Amino acid sequence: NKYLFKKIFSFNILKKGLCVLFCFLNSFAYLQETDTLFPQKYYYNSGKVSSEGTLENGLPTGLWRNYYESGTLKSEGRKQAGKSTGIWTFYLPHGKIEKSTTYGENLKNGSYQQFDSLGKISMESWYKNDTLEGISKSFKNGKLKAETMYAAGKKDGVEKVFDEVDGRLVETTYYNKDEIESKTRLNQ
371 NKYLFKKIFS FNILKKGLCV LFCFLNSFAY LQETDTLFPQ KYYYNSGKVS
421 SEGTLENGLP TGLWRNYYES GTLKSEGRKQ AGKSTGIWTF YLPHGKIEKS
471 TTYGENLKNG SYQQFDSLGK ISMESWYKND TLEGISKSFK NGKLKAETMY
521 AAGKKDGVEK VFDEVDGRLV ETTYYNKDEI ESKTRLNQ
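For the sequence shown, my numbering begins at 371 and goes up steadily by one.
What follows is the structure, encoded as structure tokens:
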């Protein structure tokens with residue numbers, strides 16, 4: 371009887387131990403599934419912050435900011451599952467906006483604007499899946515310099531060039547998939 375008692379007693383302890391271990395592992399797995407957002411900072415060798423944001427399941431998610439080593443904001447935008455999404459803004463070291471790009475699925479999709487060192491717009495374009503599409507406008511000193519049509523990343527259609535002083539149309543060029551079909555100088 372003593373032998374049988376020891377055997378039953380040992381088996382019950384083993385069962386209880388396995389139950390405790392199972393409950394612990396189950397609660398640990400639950401915590402990992404439900405608590406996956408972690409604020410994260412990365413640093414330069416100097417100890418200054420180079421970027422900061424949130425990680426979800428090990429991937430950048432939510433608002434992310436990147437900095438120059440001086441501490442000035444370099445870029446900011448949103449990530450979703452590690453991919454850039456929405457509007458990202460990039461800054462020059464002195465703090466002025468350099469460019470603004472709309473992303474979808476980590477590709478340029480939508481508006482793209484570039485600015486000169488004084489903060490005036492120098493280019494405005496549209497992208498579809500990282501490829502120029504539609505009208506692209508270039509500016510000099512804030513004034514319209516040229517309008518170019520793009521299709522599938524190639525000049526396709528009319529390109530208009532404007533006078534830098536008075537803004538009048540001075541040249542038109544017709545493109546077919548980056549090939550010039552005709553060019554006309556106007557109002558000279």
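C-beta: ideal position from N, C-alpha, C; glycine also. In this text, all values refer to a predicted model and were calculated from it rather than measured experimentally.
Length of the line joining the Cα atoms of residue i and residue j
| i | j | result |
| --- | --- | --- |
| K498 | K478 | 6 Å |
| N546 | E503 | 14 Å |
| Y400 | T406 | Any reading at Y400 is ruled out, since the residue's pLDDT is 42, under 50, leaving its predicted position unreliable. |
| Q483 | N476 | 17 Å |
| L539 | S440 | 44 Å |
| Y461 | E529 | 30 Å |
| T554 | T542 | 5 Å |
| V531 | K524 | 17 Å |
| S420 | Y544 | 46 Å |
| L535 | A522 | Sequence inspection shows Val at residue 535; the Leu mentioned does not correspond to that position. Spanning the two alpha carbons is a distance of roughly 32 Å. |
| K469 | K515 | 18 Å |
| T424 | S552 | 53 Å |
| E549 | M519 | 13 Å |
| L556 | G447 | 43 Å |
| F488 | K466 | In the sequence as presented, Phe is not what sits at residue 488; that position holds Leu. So the two alpha carbons sit approximately 8 Å from each other. |
| K453 | K411 | 18 Å |
| G456 | G474 | 6 Å |
Check: residue i C-beta below 7 Å from any heavy atom of the ligand ZN
| i | result |
| --- | --- |
| S487 | Within the structure as shown, the ligand ZN is missing, as the structure has no ligands at all. |
Limits of the beta strand (DSSP E) - the one that residue i falls within
| i | result |
| --- | --- |
| R555 | 549-555 |
| Y545 | 539-546 |
Inter-residue CB distance, residue i and residue j (contact presumed, cutoff 8 Å)
| i | j | result |
| --- | --- | --- |
| E422 | R435 | 6 Å |
| L443 | Y437 | 6 Å |
Simplified DSSP state of residue i, which is helix, strand or coil
| i | result |
| --- | --- |
| Y413 | strand |
| K530 | strand |
| F392 | Confidence is the limiting factor: at F392 the pLDDT is only 49, short of 50, which leaves the residue's position unreliable, though a coordinate-based value still follows. Reduced to three states, the DSSP call for F392 is helix. |
| V419 | strand |
Which parts of the segment 446-528 are runs of the beta strand (DSSP E), unbroken and 3 residues or longer, counting only runs that do not cross its ends?
453-461, 467-474, 477-485, 491-498, 504-510, 513-521
So within the segment 425-449, which uninterrupted beta strand (DSSP E) runs reach at least 3 residues, ignoring any that extend past its ends?
429-437
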